[in-house]
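The opening residue of the sequence shown carries number 3 in our numbering; numbering runs sequentially from there.
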Amino acid sequence: MTKKNPSGNESSTATTTLSVRIQPRASRNEVVSMEEGGFKIRLTAPPVDGAANEALVRFLAERLSVSQSQIEIVAGHTGRQKLIRIKGILREKAERSLNRGKE
């Protein structure tokens, strides 16, 4: 259940979990598609020493207008398929933001 603060916005208690499949070493950072209940995201970073994970967190924070500290990789730290927890945003808003501007 999401609480509303006096201004009518959702509070920071909202938490969303998204399934994400990443493609590292892409030509640019972008959301490509929504498939099988999750998102496919291309990242320019290589899958070395956590660089792709860091790039994913930065990309999602910018795209969703949340701080990087609100984004946590829950599962899939070493694989392409990841489960991401985002605090302070509703799932519907997250999906709209990620779908905006995709090809």
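Cβ coordinates follow ideal geometry from the N, Cα and C atoms, glycine included.
Remember, predicted model here, so these are calculated numbers, not experimental data.
The beta carbon of Ile73 sits closer than 7 Å to the beta carbons of Val59, Leu62, Ala63, Ile86 and Ile88 from its chain, once the five residues preceding and following it are set aside; these are given in chain order. Shortest Cα-Cα distance from Asn31 to any of Ala54, Ile75 and Ser67 involves Ala54. A direct Cα-Cα distance of roughly 7 Å separates Gln25 from Arg82. In terms of Cα proximity to Thr19, the closest of Ala28, Val33 and Gly40 is Gly40. Burial check for Ala57: the Cβ neighbour count within 10 Å reaches 16 or more, so the residue is buried.
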